[in-house]
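Residue numbers (this note's numbering): 37 to 295.
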């Protein structure tokens with residue numbers, strides 16, 4: 037990846053693409069410039085056949101403490117409606133490869149919404165999750181009322197959004213918001229290891245699995261099962277399915293081709 041970024045540090049480790057939000061002086065507050073760069077970096081990794089999974093992270097103090105309030109404070113309704121800024125969160129849903137959010141420190145407001153737009157959240161022990169927009173006279177606007185409710189249930193989501201309550205990493209694990217919690221000193225390495233494990237699975241099966249799970253939140257059970265069944269059957273037209281089952285029978289490691 038040759039593109040230079042101002043607000044991101046972008047690298048890769050074998051088949052894992054790594055995107056680090058890099059506005060430490062602002063606790064990685066999300067402004068238009070950062071989100072524009074983030075979308076480009078995600079799309080570049082998504083188009084790179086050598087990358088199988090993406091890790092998004094911040095620094096030990098903050099994943100992202102929220103949207104940049106200074107940028108929005110004087111905006112009017114027409115400006116907010118016509119701005120592409122909030123829509124960048126929805127763009128993450130169009131990334132076909134799995135995205136792991138590696139969260140340490142503050143993960144608040146737009147930052148929490150960004151983590152929830154990823155596929156798996158891994159938390160450091162010092163992570164704090166919250167939607168404190170009510171304290172600014174607004175509500176979450178990048179999916180917080182919807183994704184948080186689906187993740188933790190109505191009662192906890194109401195508590196967090198109506199009061200600004202923050203969840204600790206262990207509470208977030210308990211309520212189903214995060215998948216794993218690691219010591220702060222090792223959370224990023226553990227997240228990259230998890231992403232590497234995912235990246236070494238069959239690429240087409242990963243894509244179908246991600247799409248099928250996401251469909252569970254967007255359709256009825258019957259429609260979701262129909263989508264899953266079609267995806268399941270379609271994978272039997274791939275070389276990877278033949279290779280995976282042959283490798284299982286022959287007791288060897290499969291060699292995926294992504295076709």
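Ideal Cβ placement from N, Cα and C applies to all residues, glycine included.
task: Compare the beta carbon distance of residue 89 and residue 158 with 8 Å and say whether it is the shorter of the two.
output: As a working note, residue 89 is residue 53 in the chain shown. As a working note, residue 158 is residue 122 in the chain shown. Cβ distance not < 8 Å, so residue 89 and residue 158 don't count as in contact.
- request: Return the chain-ordered list of same chain residues with a C-beta closer than 7 Å to the C-beta of residue 238, the five sequence neighbours on each side being excluded.
  value: For the purposes of this step, residue 238 is identified with residue 202 of the chain shown, where counting begins at 1. Closer than 7 Å at the Cβ level, and outside the excluded window around residue 238, lie 276, 280 and 292.
task: From the DSSP output, in three-state form, read off residue 296 for me.
output: With the chain running from 37 to 295 in the structure shown, residue 296 is simply not present.
message: For residue 262, count the other beta carbons within 10 Å of its own beta carbon; 16 or more makes it buried, fewer makes it exposed. Which is it?
response: Here the question's residue 262 lines up with position 226 in the chain shown. By the neighbour-count rule (16 or more Cβ atoms within 10 Å), residue 262 is not buried but exposed.
Per-residue DSSP class, three states only, for residue 199: Stepping through the chain shown from its first residue, residue 199 is reached at position 163. Residue 199: helix per DSSP, three-state reduction.
message: So, with DSSP's three-state summary, where would you put residue 191?
response: Counting from one through the chain shown, the residue named residue 191 turns up at place 155. Residue state, collapsed to three classes: helix.
message: Check for me: the alpha helix (DSSP H) holding residue 127 runs from which residue to which?
response: As a working mapping, residue 127 is identified with position 91 in the chain shown. Run containing residue 127: 123-127, per the alpha helix (DSSP H) assignment.
In DSSP terms, what residue 137 is bridged to: Counted from its first residue, the chain shown places residue 137 at position 101. DSSP, once it has assigned bridges, lists 92 and 157 as partnering residue 137.
task: Give a yes or no on whether the C-beta atoms belonging to residue 140 and residue 223 are separated by under 8 Å.
output: Here residue 140 refers to the residue found at position 104 of the chain shown. Here residue 223 refers to the residue found at position 187 of the chain shown. Result yes, Cβ atoms of residue 140 and residue 223 sit closer than 8 Å.
task: Ignore the nearest five residues each way along the sequence and tell me which others in residue 93's own chain have a CB closer than 8 Å to its CB.
output: Indexing the chain shown from 1 puts residue 93 at position 57. Result list for residue 93: 54, 55, 56, 57, 99, 137, 138, 139, 140, 224 and 227, in chain order.
task: Sort 256, 167 and 243 by Cα distance to residue 85 and report the nearest one.
output: Translated into the one-based positions of the chain shown, residue 85 becomes position 49. Answer by Cα proximity: 243.
task: Indicate the three-state DSSP secondary structure (helix, strand or coil) for residue 253 in the structure shown.
output: In the chain shown, residue 253 corresponds to position 217, counting from 1. Three-state result, residue 253: coil.
query: Under 8 Å between the Cβ atoms of residue 167 and residue 148?
result: In the chain shown, the residue the question calls residue 167 occupies position 131. In the chain shown, the residue the question calls residue 148 occupies position 112. Yes, they are a contact pair.
Backbone CA spacing between residue 79 and residue 155 [nearest angstrom]: Taking the first residue of the chain shown as position 1, residue 79 is located at position 43. Taking the first residue of the chain shown as position 1, residue 155 is located at position 119. One C-alpha to the other measures close to 15 Å.
- prompt: chain C beta carbons: is any one of them nearer than 8 Å to that of residue 222?
  reply: The chain inventory of the structure shown lacks chain C, comprising one protein chain alone.
message: With three or more C-beta pairs closer than 8 Å as the rule, is the region 116-135 touching the region 164-180?
response: yes
C-alpha distance - residue 131 paired with residue 170, whole-angstrom precision: Start at 1 with the first residue of the chain shown, and residue 131 comes out as number 95. Start at 1 with the first residue of the chain shown, and residue 170 comes out as number 134. C-alpha separation (whole angstroms): 30 Å.
query: Is the CB-CB distance between residue 267 and residue 218 below 8 Å?
result: As a working note, residue 267 is residue 231 in the chain shown. As a working note, residue 218 is residue 182 in the chain shown. No, Cβ-Cβ distance for residue 267 and residue 218 is not below 8 Å.
query: Does the ligand MG have even one heavy atom less than 7 Å from the beta-carbon of residue 294?
result: This structure does not include the ligand MG; it has no bound ligands of any sort.
- request: Please go through the same chain and pick out, in chain order, the residues whose beta-carbon is closer than 7 Å to the beta-carbon of residue 198, but skip the five residues on each side of it.
  value: Along the chain shown, one-based indexing puts residue 198 at 162. If we look at residue 198 and ignore the five residues flanking it on each side, its Cβ neighbours are 170.
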